[in-house]
Each structure stands twice: as C-alpha cells, then as structure tokens.
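Quick note: the sequence shown, position 178, residue 178 per full-length UniProt numbering, numbers continuous.
Just so you know, even glycine gets a beta-carbon here, dropped at the ideal spot from N, CA and C.
None of the values given here were measured: they were computed from a predicted structure.
First up is the structure itself, then whatever we jot down about it.
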Amino acid sequence: MTRLNLTIRPRTPGDIPALCDLLVKQRPATGYPEIWPLPMPLPDFLQRDHEDGAWVALLNGSIVGHIATACVVEPSGPDGKGAPGRSGSTAGLGSAWADAYGCATERLRCIGTLFADAEYAGAGIGSALLRVATEDVVGRDLLPVLDCIKAKGHVVEFYKRRGWVVVAEQRAPWSPDERIDVVLMIQPVLKPLKADAISKTQGTATDPSVEVMA
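Pasting the structure below:
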C-alpha cells in the first residue's frame, strides 16, 4: 500500500470521542486491546495514569491512529503490586527495563496505546507514530521502553524490525485474573544514549509523507 500523507499532532481532550470510536472499529481486525470488553470506560483506557505525552495521526482531517508515553511506576500497593486490573499498568516491569539499560527507573518512558485504523494496515501509520513518540522521549534525555503480548508474534516482529529487542518476559501486571505473558523491549542503540540514535535505526519523523505538528 502507498504510504499516506499523514499529519501527526499532540492529542487534545476533544479527540477522545473519535479515538474511542476508532479503538472499537479496529479491534476486530487487530485483537487490541487483549482484554475486551475493557474493565473501564474507554476514555480511561486512552488517558492513562502517569501519561506524559500523546499524539494522534490524521488523514484528511480524520483521526486514524494514536500513541502515548507514560512514566514507569514501581509497585505501590501494600502487597508490592500495582492497582489490580489497571490496563496499561507498568507496575513490576520497571526493574527489568532499567537493568537492561543500566539506568534508573525514573529515566524510562513506556510507549503504548498504539493503534491505527485497520483499513490502512501496512500504510505506515503505526511506524510514523512510533517514530514521533520515540523521538520525543529521546529528545527529553529519557529512554523508551515498551511491552507487548508474547503470543502476538506479528506485533513483536513489528517492533523488532524497527530496532527494538526483547530483554525479558513477565506476566502482564494488568491481567490479574487471566495469565497473559508480555515481552519487555528496549532500543539497544540508545545504550549509551546518542543524539542521532533514532535517526539511524528508524528514520526520522520528518519523512516528507508525515507532517509533525508541535
């Protein structure tokens, strides 16, 4: 499929209704989110605790994709676990990522909530969003991490083709009732951090087919 002429900009509160509709629309084709129906309202799934960045991709004025970044938090409950059932929780995952990078957990930012309109599968929406989010993290002298479901091999391969590597496997902290294993991934070229690391591994967000708005 021909690469689309996309616009990527920061998400606004007014985008949430359209994103909820897109999440529902793409789910039959992608199986994302894994747990469905969600144990929370759709807006709460999209706007995560500890989130510090979010972007949408637009095509001809319509939202066709989404991605976000969030701080990685340590377990905070009395039993050493995060809030049960909180989709997208990174509680208990931070130490594996931090060990892989050789850094403090505070420097990590988890990239997630990445989804796109399945109608345009293969057209580069996910790749463009991933570049923008990763470059934002690196631009703040932080280190990007992500987790994805181990059983979804095609998703794991999507990230591997873009330079990400698996550093650990753990049970998903957001699925206390059903065992779901996730793989934890980092960008090894960023260890140690280099200013031009992302441009070497992924290309740049200034691809002429992608307009990025601050």
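Through-space distance from residue j to residue i, alpha-carbon basis
i	j	result
residue 86	residue 175	Unreliable placement is indicated for residue 86, whose pLDDT of 43 sits below 50; the coordinate value is still reported in the next sentence. Distance between the alpha carbons of residue 86 and residue 175: 8 Å.
residue 140	residue 116	25 Å
residue 94	residue 60	38 Å
residue 213	residue 56	10 Å
residue 149	residue 58	27 Å
residue 52	residue 142	12 Å
residue 135	residue 144	9 Å
residue 125	residue 3	8 Å
residue 210	residue 63	14 Å
residue 92	residue 34	19 Å
residue 168	residue 151	14 Å
residue 36	residue 24	10 Å
residue 164	residue 98	15 Å
residue 138	residue 65	21 Å
residue 15	residue 7	14 Å
residue 108	residue 189	15 Å
Which residues DSSP lists as bridging residue i, in chain order
i	result
residue 66	56, 115
residue 169	183
Which of helix, strand or coil DSSP assigns to residue i
i	result
residue 20	helix
residue 3	coil
residue 106	helix
residue 15	helix
Limits of the unbroken beta strand (DSSP E) element including residue i
i	result
residue 211	210-212
residue 147	143-149
Contact set for residue i: own chain, Cβ-Cβ below 6 Å, skip 5 residues either direction
i	result
residue 172	180, 182
residue 67	55, 114, 129, 133
residue 166	183, 185
residue 178	none
residue 9	213
For residue i, the first and last residue of its enclosing alpha helix (DSSP H)
i	result
residue 136	125-139
residue 155	153-160
residue 6	Note, residue 6: premise wrong, no alpha helix (DSSP H); beta strand (DSSP E) at 6-10.
residue 97	94-101
residue 43	42-46
Residue-chain proximity (residue i, chain B), Cβ-Cβ < 7 Å
i	result
residue 73	The question asks about chain B, but that chain is absent: this structure has only one protein chain.
Cutoff 7 Å; reference residue i; Cβ partners in own chain excluding five residues on either side
i	result
residue 110	69, 70, 72, 90, 145, 146
Proximal residues to residue i (C-beta, below 8 Å), its chain only, five neighbours per side dropped
i	result
residue 20	42, 43, 46
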